[in-house]
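Numbering (my numbering), first residue to last: 447 to 591. Data first, discussion second: the structure below is written as structure tokens.
Encoded structure:
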């Protein structure tokens, strides 16, 4: 009678290798889904800031934007946390030397394979900037629509 042990080992190895690819694909898919939500949130923040600026003559903090009805209650925090990302907003008030402005970063809360990229938007353009390894800024590459 013939032994099928080598064949079983090969079949198991191929199945296990395929499982690893599938699992890493799922991790990447979940990370990309989180990033899609972040991009949508950043677009909402930019729209809210522009509307708030038209109504009030300045840009608003997350609390001001939610209190005014420009963003929903999920953002009512100094540093909202949504879809595994933390959002930070810096608003500069109008002065003799400068006009009012805002900067917003979205940074992943997770690290490693599921960490995600860092994003940045500001009042100077409608561009979303991205950096793979550290908090993004206006000098980082932009995401193409």
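All C-beta atoms in this analysis are idealised placements derived from N, C-alpha and C, irrespective of residue type, glycine included.
Residue of the options minimising C-alpha distance to residue i
| i | options | result |
| --- | --- | --- |
| residue 505 | 575, 520, 546, 581 | 546 |
| residue 561 | 544, 579, 572 | 579 |
| residue 537 | 558, 515, 498 | 498 |
| residue 514 | 501, 525, 489 | 501 |
| residue 540 | 519, 555, 569 | 569 |
Buried/exposed call for residue i, threshold 16 Cβ in 10 Å
| i | result |
| --- | --- |
| residue 422 | As displayed, the chain neither begins before 447 nor continues past 591, which places residue 422 out of reach and without an answer. |
| residue 625 | Lying before the first or after the last residue shown, residue 625 is absent from the chain, which here runs from 447 to 591. |
| residue 543 | exposed |
| residue 582 | buried |
| residue 571 | exposed |
| residue 468 | Below a pLDDT of 50, predicted positions are generally treated as unreliable, and residue 468, at 43, falls in that range; no measurement from the model is reported. |
| residue 472 | With a pLDDT of 39 at residue 472, under the threshold of 50, the predicted position of this residue should be treated as unreliable, though the coordinate-derived value follows. It counts as exposed. |
For residue i, the residue or residues it bridges with in DSSP
| i | result |
| --- | --- |
| residue 547 | 538 |
| residue 529 | Its beta-bridge partners do not exist; DSSP assigns none. |
Would you call the segment 565-583 in contact with the segment 549-556, where contact means no fewer than 3 C-beta pairs closer than 8 angstroms?
yes
Say whether the segment 480-497 touches the segment 522-537, bearing in mind that this needs 3 or more beta-carbon pairs closer than 8 angstroms, one atom from each stretch.
yes
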